[in-house]
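**Q** Okay, so the sequence shown: first residue is 1 according to the UniProt record's numbering, each after it adds one.
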Amino acid sequence: MKAPRARVFCSECGTNQCEACELLIHEEPRFRHHQDRSPLEPPDPFLLCQGAHCSAENLADLRCQTCQRSLCYACDQREHLVNRKLAHTKTRFQHYLERLQREEEEEEEYLSADGSFTEAAMMSLQLMGPDILSDARSLEAQENRKAPRPSSFLLVDDKEVLQSIDAFSALDYVGIQTKQLPTCFDGLREVVEKIVDNSTVRSARPVEVIFQALRLLNEKFSGDIDRSIPSSFPDQFFTCQCTCIAC
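1. Pull up the DSSP beta-bridge partners for Val209, would you.
2. What are the residues that DSSP puts in a beta bridge with Pro39?
3. Between Glu27 and chain B, is there a C-beta pair that is closer than 8 angstroms?
4. Since His34 and Glu12 are thought to touch, with beta carbons under 8 angstroms apart, how far apart are those beta carbons, to the nearest angstrom?
5. Locate the alpha helix (DSSP H) running through Lys194, then write down its first and last residues.
6. Excluding the 5 residues flanking Phe185 on each side, which residues of the same chain have their C-beta closer than 7 angstroms to its C-beta?
7. So, for Asn58: in the same chain, excluding its five sequence neighbours on each side, which residues have a beta-carbon less than 6 angstroms away from its beta-carbon?
8. Within its chain, find whatever has a CB closer than 7 angstroms to the CB of Thr91; leave out the 5 residues flanking it on each side and keep chain order.
9. When the Cα of Thr89 is compared with those of Arg30, His53, Glu208 and Gln68, which residue comes out closest?
10. Distance check for Arg99 and Glu106, CA to CA, integer angstroms please.
Below, the structure written as structure tokens:
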């Protein structure tokens, strides 16, 4: 049979009392003047002891992380000491509740502090990747106004070279048809300036870094490619040492 649950809190006695005790105590002449008595709300089941033999519905005193249960001290002694479960990790229940509340508050602060950061973290990979610039220069090259969509053009003709563009934010195709010498590169320069000035995905690079990267690329592919290929980009070009899908 379960013990009676506390129903009333008397602030002048400073104790929680069941209905029977509250009547017996305040029948005495010295306690009859106690007027500040308030009913108690039933406790949350989460705050009660979850021991198998806890018939008194005690409030939990500790949280066993190994058993994943909240226990009062009596049930803790019965289930851990008697059954020799001494290696279980236990936390005082009040500290456990404080930690849960602190974690919830930290999560709310994290989500509300910087909305732009959380939005950026949830963005798709394609929105954060770099641009691809494909330049074709020959007598048969398709000019910009006559070329199909860049993605379909590259995926069909260069399927083995470029199979997926999911890691890139944009794909630009520049077709320059050399009808007479010298070749006009105004279209290529216009697209390069547009990509360099675009800072929606990543911050702008210093002009000297871009120039050095283009110069190294030009030197690398201007003649015969050696078997030992040196690094094409200076250290300042990439700020992260990890290799992303785009690379």
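C-beta atoms are modelled at their ideal positions from N, C-alpha and C, and glycine is treated no differently.
**A** The answer reads as follows:
1. Val209 pairs with nothing; no bridge assigned.
2. Val8
3. In the structure shown, chain B does not exist; there is a single protein chain.
4. 4 angstroms
5. Asp186 to Asp197
6. Ile176
7. Cys49 and Cys72
8. Leu62, Arg63 and Gln65
9. Gln68
10. 10 angstroms
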